[in-house]
Structures are given as C-alpha cells and as structure tokens.
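Under the working numbering, the first residue of the sequence shown carries the number 1307, and numbering increases by one thereafter.
Even glycine gets a Cβ: it sits at the ideal position worked out from N, Cα and C.
Quantities reported herein were computed from a predicted structural model and do not represent experimental measurements.
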Amino acid sequence: RKAVELVDADTKGAAPGPLQRLRASNPFAFLELFRRSGRLAVLSVAQFLGHVTEPILLGRIAALVQAENLGWDALLRGRYASLESALLVPGMALGGRASKAFGAYGALFLSGSCALLQHGLNSGWVCSPLQ
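Pasting the structure below:
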C-alpha cells in the first residue's frame, strides 16, 4: 500500500501515459455491469432493448422504407399504421396478466423481444398494407 501511495505521489503532476489514456477511453467498460450483478445485467439488457426498439425512431425508418422500396404513398402507409396499431390493443389489454405471470424481469424481456420480432418482420416480410 505504501508503494502505491509513493507512486501516486510521484505521478500526481505528470501527464497521463498512453496506458492510462487507453484505460480511460475503454469502449468496452460497459461490460463491467454484466460482471458485477445479475440485477445490473438485467437492467442493462432492458435499457438496450428499450433503445433498440424505440417506436418513433423505428416508425420513421419503416415509413421511409415503405415509401421508397414498396412505393407506398401516405394513404397506404397510414392504412398500414392504423392496422398495426389496432393489432396492438390485445397486447396492451393482456399486459398486466403477462407481467404477473412472468414477473417484472420476464415481462420486460418478453416485451422487448416481441418488439424486436415485430420490427424484424416489418422490415423483411411486409409487402402490402393489408398484410
């Protein structure tokens, strides 16, 4: 411990070396969350799924893809968005039951996974607004 204090005292005024700069700018430092605790790992996965499945961002991208690749005008995109929204109602009505059945972590993981699946199917399978 004394040796560490002596080294720290000697290097307080010195500029950081390349190794210290590399440690400070480690892009994989976030992985430390997974190592420390199961709760933190679940929280970070939930945060990741929340960012990846953010509805406004994905909805805008989907509208651009539908307009460009499928040739849909605003009317067809609106029809598809209305049908998609109507199909979400049963999931919202049953969400409380699912949360109780799976627990908070399971329900959060299930909802994020289903959202990823929905957006994946939207981007790779949809060809008509009435599909």
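Coarse secondary structure for residue i, derived from DSSP in three states
i       : result
Val1348 : helix
Ala1374 : Going by the sequence as given, residue 1374 is Glu instead of Ala. Glu1374 falls in the helix class under three-state DSSP.
Glu1338 : helix
Ser1343 : coil
Glu1390 : helix
Closest residue to residue i among the options (Cα-Cα distance)
i       : options                               : result
Val1348 : Asn1375, Tyr1411 and Ala1421          : Tyr1411
Leu1355 : Met1398, Gly1402, Gly1418 and Leu1382 : Gly1418
Leu1393 : Ala1407, Ala1380 and Ala1421          : Ala1421
Val1432 : Pro1333, Gly1402, Leu1363 and Trp1378 : Trp1378
Residue i, buried or exposed, once every other Cβ within 10 Å from all chains shown has been counted against 16
i       : result
Gln1372 : buried
Ala1368 : buried
Endpoints, the alpha helix (DSSP H) within which residue i is located
i       : result
Ser1331 : Where Ser1331 is concerned, there is no enclosing alpha helix (DSSP H), given that its DSSP letter is neither H nor E.
Cys1420 : Gly1401 to Gly1430
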